Amino acid sequence: MANNKLVLDLETQRTFDEVGRENLHKLKVSVVGVYDYGTDRYQIYGESEIPELEKRMQAAELIIGFNIKRFDMVVLQPYLFASAERFPVLDLMEEIEKVRGHRVSLQSVAQATLGVGKSGHGMDAVHYWREGKMEELKKYCLDDVKITKEVYEYGCANQRIYFVSNRDWKKYEVPIAWGSVPEPVKEIKSDFPSSLF
Numbered sequence: 001m002a003n004n005k006l007v008l009d010l011e012t013q014r015t016f017d018e019v020g021r022e023n024l025h026k027l028k029v030s031v032v033g034v035y036d037y038g039t040d041r042y043q044i045y046g047e048s049e050i051p052e053l054e055k056r057m058q059a060a061e062l063i064i065g066f067n068i069k070r071f072d073m074v075v076l077q078p079y080l081f082a083s084a085e086r087f088p089v090l091d092l093m094e095e096i097e098k099v100r101g102h103r104v105s106l107q108s109v110a111q112a113t114l115g116v117g118k119s120g121h122g123m124d125a126v127h128y129w130r131e132g133k134m135e136e137l138k139k140y141c142l143d144d145v146k147i148t149k150e151v152y153e154y155g156c157a158n159q160r161i162y163f164v165s166n167r168d169w170k171k172y173e174v175p176i177a178w179g180s181v182p183e184p185v186k187e188i189k190s191d192f193p194s195s196l197f
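Counting from 1, one number per residue, gives the positions in the sequence shown under UniProt numbering.
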């Protein structure tokens, strides 16, 4: 695994209710969390530090995220000098969607693949920002970065990940070849209580 990669996740200052789902660029960044394979470090960038982050992004051979193309990069775009479309991005959710035919949540993938769940909900991050709870906000963001990194690495090592469908609560295996065309999805015989999700 090459070292010049970043795993990225961000949190916002505003909600969809405030700006509308067609105006993601108006959500505004509160913090951006990154895992840098080059330094083996997790790092938080505040809104004013995004120019520094962009320099690192421009040097990266790959930026990895979950729903990063349709969310994180769109929210980041107003802060970036370069077009967000110019960055080399691997969107794990998009890769799963290509096989499955619909979107899945990071929570459902993490629970089924890693046996861990997210540490909270996206709205928690907005509340942390508004209440000035910056340490809680940073921790929440980096927890999502860590989960995304571990899902990515599991897929690289095992050529598959798992998720639990919110339609039938069954566990499914998704063959993974990050960046290429995987095989069809297989159902895994396992029941998960809906209360986990």
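Beta carbons are placed, not taken as given, at the ideal position from N, Cα and C, and that holds for glycine.
Predicted, not measured: the structure shown is a model, and the values here were computed from it.
Quiz item: Per DSSP, what kind of secondary structure is Thr12 in: helix, strand or coil?
Solution: As a working note, residue 12 is residue 12 in the sequence shown. The answer is strand: DSSP assigns Thr12 an E or B state.
Quiz item: If you run the structure through DSSP and keep just helix, strand and coil, what is Lys171?
Solution: By 1-based counting over the sequence shown, the position of residue 171 is 171. DSSP places Lys171 within a strand segment (E or B) once states are collapsed to three.
Exercise. Ignore the nearest five residues each way along the sequence and tell me which others in Tyr42's own chain have a CB closer than 6 Å to its CB.
Key: Here residue 42 refers to the residue found at position 42 when the sequence shown is read from its first residue. These residues qualify, in order along the chain: Tyr35 and Leu142.
Quiz prompt | Cutoff 7 Å; reference Ser195; Cβ partners in own chain excluding five residues on either side | solution = Position 195 of the sequence shown, counting from 1, holds the residue named residue 195. Because the pLDDT of Ser195 is 37, which lies under 50, any placement of that residue in the model is unreliable, and the question is left without a value.
Practice problem: Report, in whole angstroms, the separation of the C-beta atoms of His25 and Val74, which I expect to be a contact under 8 Å. | Solution: What you label residue 25 is simply residue 25 of the sequence shown in a count that begins at 1. What you label residue 74 is simply residue 74 of the sequence shown in a count that begins at 1. Confirmed, Cβ separation roughly 6 Å.
Quiz item: Should Glu173 be listed as close to the ligand SAM, given that the test is whether its C-beta is under 7 Å from any heavy atom?
Solution: With respect to small molecules bound, the structure shown includes none, and the ligand SAM cannot be examined in it.
Practice problem: Could you check the C-alpha separation between Thr148 and Lys133 for me, to the nearest Å? | Solution: Start at 1 with the first residue of the sequence shown, and residue 148 comes out as number 148. Start at 1 with the first residue of the sequence shown, and residue 133 comes out as number 133. One C-alpha to the other measures close to 23 Å.
Exercise. Specify whether the stretch 50-66 and the stretch 77-87 touch according to this definition: at least 3 beta carbon pairs, one from each stretch, less than 8 Å apart.
Key: yes
Quiz item: How about Arg160: is its C-beta nearer than 8 Å to some C-beta of chain B?
Solution: The question asks about chain B, but that chain is absent: this structure has only one protein chain.
Quiz item: What is the C-beta distance between Gly33 and Asp9, in whole angstroms, given that I count them as a contact (C-beta under 8 Å)?
Solution: Your numbering for residue 33 matches position 33 in the sequence shown. Your numbering for residue 9 matches position 9 in the sequence shown. About 5 Å separates the Cβ atoms of Gly33 and Asp9, confirming a contact at the 8 Å cut-off.
Self-check item: Member of Glu52, Thr12, Tyr154 and Glu135 whose CA lies at the smallest distance from the CA of residue 225
Solution: The question about residue 225 has no answer, for the chain in this structure spans 1 to 197.
Quiz item: By Cβ distance, which residues of its chain are closer than 6 Å to Asn3, with the 5 residues on each side in sequence left out?
Solution: As a position in the sequence shown, residue 3 is number 3, starting the count at 1. Around Asn3: Tyr37 and Gly38.
Exercise. Take Leu6 and list the residues in its own chain whose beta-carbon comes closer than 8 Å to its own, dropping the five residues that flank it on each side.
Key: The residue you call residue 6 lines up with position 6 of the sequence shown. Result list for Leu6: Val34, Tyr35, Asp36, Tyr37, Arg56, Met57, Ala60, Leu62, Ile63 and Ile64, in chain order.
Quiz prompt | Paired residues, beta bridge with Phe163 - DSSP | solution = The residue given as residue 163 occupies position 163 in the sequence shown. BP columns for Phe163 point to Tyr172.
Quiz item: What first and last residue would you give for the beta strand (DSSP E) that runs through Gly117?
Solution: As a first step, residue 117 must be located in the sequence shown, where it is residue number 117. That residue, Gly117, is in no beta strand (DSSP E); it is neither H nor E in DSSP.
Exercise. Identify, in the order they occur along the chain, each residue of the same chain with its Cβ nearer than 7 Å to the Cβ of Glu49, setting aside the five sequence neighbours on each side.
Key: Position 49 of the sequence shown, counting from 1, holds the residue named residue 49. So no residue of the chain qualifies.
Quiz item: Is it buried or exposed for Val116, if we count other Cβ within 10 angstroms and need 16 for buried?
Solution: Within the sequence shown, residue 116 is the residue found at index 116, counting from 1. Exposed, because fewer than 16 other Cβ atoms sit within 10 Å of the Cβ of Val116.
Quiz item: Between which two residues does the beta strand (DSSP E) containing Gly33 stretch?
Solution: Position 33 of the sequence shown holds residue 33. Looking at the DSSP string, the run of the beta strand (DSSP E) that includes Gly33 is Val29 to Asp36.
Self-check item: Rounded Cβ spacing between Arg70 and Val174 (contact assumed at less than 8 Å)
Solution: By one-based count along the sequence shown, residue 70 stands at place 70. By one-based count along the sequence shown, residue 174 stands at place 174. So it is not a contact: roughly 19 Å between Cβ atoms.
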